[in-house]
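In the working numbering, the protein residues as written are 606 to 762.
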């Protein structure tokens, strides 16, 4: 499993405890060091806009609170690269804040989308949507700021 935007490695530890072999990816050298120390798993210090991923090297990609930092003009290319990094029928899980805005907020870039826009990007990059849901669960939609999508790599027939 590739933890795309692994931060200090919290989720890598969970994946490892479940018997998976996670690999973290983060643009911050400091976060990569922390993730390696905390999880005892390898990391890739790469920027989202300059990925160097081996083709068909992951069964799953966990992109929690990370893809929304990719500008809309770059998102198709980044999704295509993630698609290529997945093995046949590989799974991409993404969870991002919902909305209809894009731009800088302080020192962080955000590209906020609702389901329909996210679905279009994913389908154009060769992913089939398996399910989507809003978080946190059990609340009215207006109080669910996160959109989670489970999608699967599809190969041309």
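Yeah, the Cβ is synthetic: ideal placement off N, Cα and C, and Gly gets one too.
query                                                                                                 : result
Status (buried if at least 16 other CB within 10 Å, exposed otherwise) for residue 738                : exposed
Helix, strand or coil at residue 626 according to DSSP, with G and I counted as helix                 : coil
Three-state secondary structure assigned by DSSP to residue 640                                       : helix
Per-residue burial, residue 748 [other beta carbons within 10 Å of its own, 16 or more giving buried] : exposed
Whole-angstrom distance between residue 625 and residue 728, CA atom to CA atom                       : 27 Å
Whole-angstrom C-beta distance between residue 669 and residue 616, which should lie under 8 Å        : 7 Å
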